[in-house]
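Engineer: Can you keep this structure in mind? I'll have questions shortly.
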Amino acid sequence: MHIVIVGLSHKTAPVEIREKLAFAPTAMERPLRQMLELPTIAEGLIVSTCNRVELCAATKEPEAAIAALRRFLAEYHEVPPEEINGKLYNYQGEEAIRHLFRVSSSLDSMVLGEPQILGQIKTAYGYAAEFRTCGLILNRFLHKAFSVAKRVRTETAIASNAVSVSFAAVEMARKIFDRLDNKAVMIIGAGEMCELAARHFVANGVSKVLVTNRTFERAEKLAAEFQGKAIPFEDFVDHLAEVDIVMTSTGAPNFILGQRQMEEVLKRRKNRPMFLIDIAVPRDIDPKVNKLDNAYLYDVDDLQGVVQANLKERQKEASKAEAIVEQEIGQFHQWLGNLEVKPTIIALRRKLEEIRLQELDKTFSNLKDLTAGQRKSIEAMSSAIINKILHQPTSILKRTQNDSSGEDYVDAVRVLFDLPAPADNDKEIKPLDDMEEAG
Amino acid sequence: MTTDVLLFKITLLIYFVTTICYLIGVISLKDRFRQNAIRLLIGGFGLHCITLATRWVATGAIPVASLHESLSFFAWALVGIYLLFYLRYRTVMLGAFITPLALVLMIIGSAAPKQAPALNPMLDSWWFPVHVTLAFLGHAVFAIAAAAGVMYLLQERMLKSKKFSSLFYRLPSLDTLDSMNYKCLTFGFPLMTMGIISGAIWANSAWGGYWRWDPKETWALITWFLYAALLHGRLTIGWRGRRAAIFAIVGFGFLLFTFFGVNTFLSGEHSFRNFTGQ
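These protein sequence lines map, in sequence, to chains A and B.
Those letters in the first sequence? Residues 41 to 479, by this note's numbering.
Those letters in the second sequence? Residues 34 to 311, by this note's numbering.
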C-alpha cells in the first residue's frame, strides 16, 4: 500500500486558481465519497485551506491513483485540466510522507511556524473520519503527522517568537520589563493596531490601562473596554510618569511628545524604563526621545524590523525541524512496508518454525532412546500442527490483502505475534503458494 | 604531585571543558551545549570542594595563604556564587562570562608555586582566614554583578539600535539583569565591608594598629567607596539600569586591581612575598 498526495499551494498557484479548487468545509461529504469511489483509491482525505488544496490517498497503484486524483480535481470543480495541470504537484511514497509531515509542522507555510495549519489538518482529518473515508493507513499517517508537528513545536523554537506587529510589541516589552503583570499602559488616540496591541498587553497581565483622546467620549469608550481610566487630552503628559508602556496613534500632524517632556517624565519615574510605541504617521513622538537613557521608542517600521529578525531566527530553527521530520519519516515508512502480506506470512512461519525446532530439541534431549522412525513421527506431527494452525490465518491474509481490512489483519498479526521487521531480501522469496506446500 | 594538586589539575580540566561548552553554546546557540555545560560545571564544582578540603587537611590551615591557594579559592567562590544565582535566575548566559574568568584564575593558580608556604608567624591568627574568605566571597558576588552589567549593556544596545543578533533571543530582560545587579550589591557590599573590617582587626592582632594605609588597604577603601556610592545612588536617586551596570563593571575592575595589581606590583604588607617571608 502506498500513500500519494496531489494538490497545489500558495507556492505553486496564485489565489485565483486556488479558489477554483477549494472545497467548502460544510460540504465535505460528497467530494470525499466521490474520491473513494475512484477505482484505485482505498482511503482518502481532503485538506482545503486558503493557502492550499491537497488530496491525500492510500492506494495500491500510486501512478494510476495520482492520475485519477488529478482528473478528479478538475472534473469535480468543472475546471479545464490544462488550466491547473502545471500548478499541481504530486508526491508518492517517502516524498508524500515527508510532505505531509512538513506541512503539519508549518514548514511549508507562508509564515514559518504558524499555528493554524495543524488545526486545519486536524479538522480535515475529522471530516474524513466522520465520513469513514480513512482506514488503517491514513489513520496512522495522520496521527503520526500530528505527533511530528508536536515534536517540532516543542523541540525547536520555530514557533516561539512574534511574527505580527502587535505580538512583537509585547515581545519587546517583555525584553525590557520581564513581567508585565504589574505594569501600566497608556493609549493615546485610537485605532485598530493600538487596540489590538492593548488587548495583547492586557492578555499578558497588564493591569492598569489609561486612555486619552482629543475626544473625551472616545477615550471613555475605549477605557471601558479594558476597565481602565479615561484622561482628558490636555492632562495626559502629567500622567505619563504613572505608566510603563505608551502607545500612540493620533492624527496629529506634529509631535505631541517631545524630548524635554520625556526627560521630565523619566526623572519623575526615577529612571525606571519606559517603552513607547508610536504607530502614527506622521509620528506622534519625537524620535530623539529614543536617545534618552531608559526610554525605548519604537515606530511601526521598527516593529516590522523585529518581525523580520524573528522570521530569520525561525529560519534557523527550521533546519532543526527538518531534521526531526527526517527522523520520523524513516520509522513510518518502515511501518508501512511491514504491512505487506508476503513478508508477514514468511516472518510468522519463521517464528513458529523456530518454536517448533526449540521444542523438538528439548524433547529429543529428554527422550534419548528413540528409534529413527519414532523421531520422524514426532517431527512430522509438530510440522503438521503448525501447518494446520497457520492454514486458516494464512489464507485469510492472502484473500483480504486487497481489501481495506487486509492491512488491519496484517498489522494485528505483527503485533500479536511480535514479529520482527522484515529483512530486505525477504521480498524476493518464492511465491506464497509454493511456501504452503513446502511447509 | 600531592593529592590536592592532582585534584586541582583535574578540576581545572573540567572547568576548561565547561568553558568551551558554554562558549560554543553561546555562539552556536545549540541548547544541548548549554544543558551539558551546567551539568559539567556542577560536577567540577563538587570536585573543587573536595580539592579545597584535601588541601586544607594536607596543610592544616584554611587554604587561602599562597597565591595558588587564594586563586583556587577565588575561582571556587566564583563558581559557587554563580550556581546560587543560577538556582534563582536560571540564566545560562551568565555562565559564559563567569566560567572563563574562573578558568583564568585556575590557570594562573596552577602556574604559581604550589608548596604550602611556611606561614609568617605574625599572620597566624583566626582573623586571617575570616578576612580572606569574606573578601573573596564579596569579589565573587561583584564579579557576577559585572557580568550582569556587561549583559545589560549588550541587551540595551540592541533594544536601542533595533539591530538584533541571535544573542538577543538568549539574553534575559533588562529588568532581570538590573535586579541581579541590585541583588549582587545588597549581598556584596556587606561582605566587602566585613572583609575590610576583619582585615583591620587581623592587622591589629598581627602588627598592632588597625590601619596602615598600605597600598592594598588604600585601594580596597577606594573600591569600597565606589560601591558605596552605587548603593547610595540606587537607593536614593534612582541610579539603575545603564549607570548601575557601568559602575558594576568599573568597580570590579578596581577589585581585580586591588587583588592582583597591588599584590604583584606594589610592595607592602599584603605582598605575597611578605606572606611567605621570602
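Ideal placement from N, C-alpha and C gives every residue a C-beta, glycine not left out.
Near asparagine 237 of chain B, which residues of its chain fall below 7 Å by C-beta distance, leaving aside the five closest residues on each side in sequence?
Structural biologist: The residue given as residue 237 of chain B occupies position 204 in the second sequence. Counting only Cβ-Cβ distances below 7 Å, and skipping sequence neighbours, we find Tyr243.
Engineer: Who are the near neighbours of proline 54 of chain A in its chain, counting only those whose CB is closer than 7 Å to its CB and skipping five residues on each side?
Structural biologist: For the purposes of this step, residue 54 of chain A is taken as the residue at position 14 of the first sequence. Around proline 54 of chain A: no qualifying Cβ.
Engineer: Leaving aside the five residues before and after asparagine 307 of chain B along the sequence, list all residues of the same chain whose C-beta is less than 6 Å from its C-beta, in chain order.
Structural biologist: Locating residue 307 of chain B in the second sequence gives position 274, where the first residue counts as 1. Interpretation of asparagine 307 of chain B is limited by its pLDDT of 44, a score under 50 that renders its predicted location unreliable; the figure taken from the coordinates is listed afterwards. Excluding positions up to five away in sequence, the list is empty.
Engineer: Kindly list, in the order they appear in chain B, the residues whose Cβ is closer than 9 Å to that of glycine 345 of chain A.
Structural biologist: By 1-based counting over the first sequence, the position of residue 345 of chain A is 305. Chain B residues near glycine 345 of chain A: Lys195, Lys196, Phe197.
Engineer: For the alpha helix (DSSP H) containing proline 133 of chain B, name the first residue and the last one.
Structural biologist: Numbered from its first residue, the second sequence carries residue 133 of chain B at position 100. Residues 126-144.
Engineer: With three or more beta-carbon pairs closer than 8 Å as the criterion, would you say the segment 186-204 of chain A touches the segment 333-350 of chain A?
Structural biologist: Taking a cut-off of 8 Å on C-beta distances, the segment 186-204 of chain A touches the segment 333-350 of chain A, as three or more cross pairs fall below it.
Engineer: Just to make sure I have the definition right: I need the residues of chain B whose C-beta is within less than 9 Å of the C-beta of proline 272 of chain A. Which are they?
Structural biologist: Working through the first sequence from its first residue, we reach residue 272 of chain A at position 232. Ordered by position in chain B, no residue passes the 9 Å Cβ test against proline 272 of chain A, which lies about 29 Å from the chain.
Engineer: Looking at chain B, is there any beta carbon in it that lies within less than 7 Å of the beta carbon of tyrosine 167 of chain A?
Structural biologist: As a working mapping, residue 167 of chain A is identified with position 127 in the first sequence. With 7 Å as the cut-off, tyrosine 167 of chain A does not count as an interface residue toward chain B.
Engineer: Given a cut-off of 7 Å, decide if alanine 361 of chain A and leucine 48 of chain A are closer than it, judged by their beta-carbon atoms.
Structural biologist: Counting from 1 along the first sequence, the entry for residue 48 of chain A is found at position 8. Counting from 1 along the first sequence, the entry for residue 361 of chain A is found at position 321. Not a contact, by the Cβ cut-off of 7 Å.
Engineer: At a Cβ cut of 9 Å, what residues of the segment 294-312 of chain A count as close to chain B, listed as they run along the chain?
Structural biologist: Lys307, Arg309, Lys310, Asn311, Arg312
Engineer: Name, please, each residue of chain B whose Cβ falls closer than 7 Å to the Cβ of aspartate 221 of chain A.
Structural biologist: Reading the first sequence from its first residue, position 181 is the one you call residue 221 of chain A. What aspartate 221 of chain A touches in chain B: nothing, since even the nearest Cβ is about 12 Å away.
Engineer: Name the DSSP bridge partner or partners of glutamate 101 of chain A?
Structural biologist: Residue numbering aside, residue 101 of chain A sits at position 61 when the first sequence is read from its first letter. DSSP lists no partner for glutamate 101 of chain A.
Engineer: Throw me the rounded Cβ distance for the leucine 61 of chain A and isoleucine 124 of chain A pair, which I believe falls under 8 Å.
Structural biologist: Translated into positions along the first sequence, residue 61 of chain A becomes position 21. Translated into positions along the first sequence, residue 124 of chain A becomes position 84. That pair is a contact at about 7 Å.
Engineer: Three or more C-beta pairs closer than 8 Å, one from the segment 165-177 of chain A and one from the segment 209-219 of chain A: is that the case here?
Structural biologist: no
Engineer: Are the beta-carbon atoms belonging to alanine 98 of chain A and alanine 82 of chain A less than 7 Å from one another?
Structural biologist: In the first sequence, counting from the first residue as 1, residue 98 of chain A sits at position 58. In the first sequence, counting from the first residue as 1, residue 82 of chain A sits at position 42. Yes, these two residues count as a Cβ contact at 7 Å.
Engineer: Compare the C-beta of arginine 349 of chain A against all C-beta atoms of chain B and say whether one is closer than 7 Å.
Structural biologist: Locating residue 349 of chain A in the first sequence gives position 309, where the first residue counts as 1. Residue identity differs from the one stated: residue 349 of chain A is alanine in this sequence, not arginine. Chain B, which has a Cβ nearer than 7 Å to the Cβ of alanine 349 of chain A, makes this yes.
Engineer: Which residue or residues does DSSP assign as beta-bridge partners of arginine 92 of chain A?
Structural biologist: As a working mapping, residue 92 of chain A is identified with position 52 in the first sequence. According to DSSP, arginine 92 of chain A bridges with A/Ser49.
Engineer: With 7 Å as the threshold, decide whether the Cβ of aspartate 37 of chain B is near any Cβ in chain A.
Structural biologist: Indexing the second sequence from 1 puts residue 37 of chain B at position 4. Judged by the 7 Å Cβ criterion, aspartate 37 of chain B is not in contact with chain A.
Engineer: At a Cβ threshold of 7 Å, is aspartate 464 of chain A touching chain B?
Structural biologist: Here residue 464 of chain A corresponds to residue number 424 of the first sequence, with the count starting at 1. Caution applies to aspartate 464 of chain A, whose pLDDT of 48 falls short of 50 and renders its modelled position unreliable; the value that the coordinates give is listed next. No, aspartate 464 of chain A does not count as interfacial toward chain B.
Engineer: Helix, strand or coil: which one does DSSP assign to aspartate 64 of chain B?
Structural biologist: Locating residue 64 of chain B in the second sequence gives position 31, where the first residue counts as 1. The answer is helix: DSSP assigns aspartate 64 of chain B an H, G or I state.
Engineer: Taking any Cβ of chain A, which residues in the segment 200-226 of chain B have a Cβ under 7 Å from it, in chain order?
Structural biologist: Of all residues in the segment 200-226 of chain B, the ones placed with a Cβ closer than 7 Å to any Cβ belonging to chain A are Tyr202, Ser206, Leu207, Asp208, Thr209, in chain order.
Engineer: Could you check where the beta strand (DSSP E) with valine 225 of chain A kicks off and where it finishes?
Structural biologist: On the first sequence, position 185 is the one that residue 225 of chain A refers to. 224-229 is the extent of the beta strand (DSSP E) around valine 225 of chain A.
Engineer: Between the C-alpha atoms of leucine 50 of chain B and leucine 388 of chain A, what's the straight-line distance to the nearest angstrom?
Structural biologist: By 1-based counting over the second sequence, the position of residue 50 of chain B is 17. By 1-based counting over the first sequence, the position of residue 388 of chain A is 348. Note that residue 50 of chain B corresponds to valine in the displayed sequence, not to leucine. Spanning the two alpha carbons is a distance of roughly 52 Å.
Engineer: With respect to the beta strand (DSSP E) encompassing tyrosine 122 of chain B, which residues constitute its N-terminal and C-terminal limits?
Structural biologist: Residue mapping note: residue 122 of chain B aligns to position 89 of the second sequence, counting from 1. Segment 100-122 is the alpha helix (DSSP H) holding tyrosine 122 of chain B; no beta strand (DSSP E) there.
Engineer: Using C-beta distances below 6 Å, list every residue in its chain close to glycine 153 of chain A, excluding the 5 sequence neighbours before and after it, in chain order.
Structural biologist: Reading the first sequence from its first residue, position 113 is the one you call residue 153 of chain A. Closer than 6 Å at the Cβ level, and outside the excluded window around glycine 153 of chain A, lie Ser146, Ile198, Ala199, Arg354.
Engineer: Pop quiz: tyrosine 55 of chain B and methionine 139 of chain B are said to be a contact at Cβ under 8 Å. What is the actual Cβ separation, rounded to whole angstroms?
Structural biologist: What you label residue 55 of chain B is simply residue 22 of the second sequence in a count that begins at 1. What you label residue 139 of chain B is simply residue 106 of the second sequence in a count that begins at 1. So it is not a contact: roughly 15 Å between Cβ atoms.
Engineer: From phenylalanine 130 of chain B to valine 44 of chain A, what distance separates their C-alpha atoms?
Structural biologist: Numbered from its first residue, the second sequence carries residue 130 of chain B at position 97. Numbered from its first residue, the first sequence carries residue 44 of chain A at position 4. Rounded to the nearest angstrom, the two C-alpha atoms are 53 Å apart.
Engineer: Answer yes or no: does any C-beta atom of chain B fall closer than 7 Å to that of lysine 100 of chain A?
Structural biologist: Position 60 of the first sequence holds residue 100 of chain A. Judged by the 7 Å Cβ criterion, lysine 100 of chain A is not in contact with chain B.
Engineer: Just the C-alpha distance for phenylalanine 285 of chain B and alanine 176 of chain B, rounded to the nearest angstrom, thanks.
Structural biologist: Position 252 of the second sequence, counting from 1, holds the residue named residue 285 of chain B. Position 143 of the second sequence, counting from 1, holds the residue named residue 176 of chain B. Looking at the two C-alpha atoms, the distance is approximately 6 Å.
Engineer: For the candidate residues B/Trp235, B/Met34, B/Lys195, B/Ala278, whose alpha-carbon lies nearest to that of valine 165 of chain B?
Structural biologist: Position 132 of the second sequence holds residue 165 of chain B. The residue with the shortest Cα to Cα distance from valine 165 of chain B is B/Trp235.
Engineer: Using three-state DSSP, classify glutamate 118 of chain A as helix, strand or coil.
Structural biologist: For this step, residue 118 of chain A is matched to residue 78 along the first sequence. The answer is coil: DSSP assigns glutamate 118 of chain A none of H, G, I, E or B.
Engineer: Check this for me: beta carbons of alanine 259 of chain A and valine 251 of chain A, under 7 Å apart or not?
Structural biologist: Your numbering for residue 259 of chain A matches position 219 in the first sequence. Your numbering for residue 251 of chain A matches position 211 in the first sequence. Closer than 7 Å, so yes.
Engineer: Which chain B residues are close to isoleucine 216 of chain A, counting only those with a beta carbon under 8 Å from its beta carbon?
Structural biologist: Translated into the one-based positions of the first sequence, residue 216 of chain A becomes position 176. Per Cβ cutoff of 8 Å: Leu192, Ser206, Leu207, Asp208.
Engineer: What are the start and end residues of each continuous beta strand (DSSP E) run of 3 or more residues lying completely inside the segment 292-343 of chain A, in chain order?
Structural biologist: Runs of the beta strand (DSSP E) lying entirely within the segment 292-343 of chain A, each at least 3 residues long, are 314-318, 335-339 in chain order.
Engineer: Can you list, in chain order, the residues of its chain whose CB lies under 6 Å from that of alanine 181 of chain B, leaving out five sequence neighbours each side?
Structural biologist: Stepping through the second sequence from its first residue, residue 181 of chain B is reached at position 148. Here the set comprises Leu210, Met213, Asn214.
Engineer: Tell me which residues share the same chain as alanine 104 of chain A and place their Cβ nearer than 6 Å to its Cβ, disregarding the 5 neighbours each side in the sequence.
Structural biologist: If you number the first sequence from 1, residue 104 of chain A lands on position 64. The residues are Thr80.
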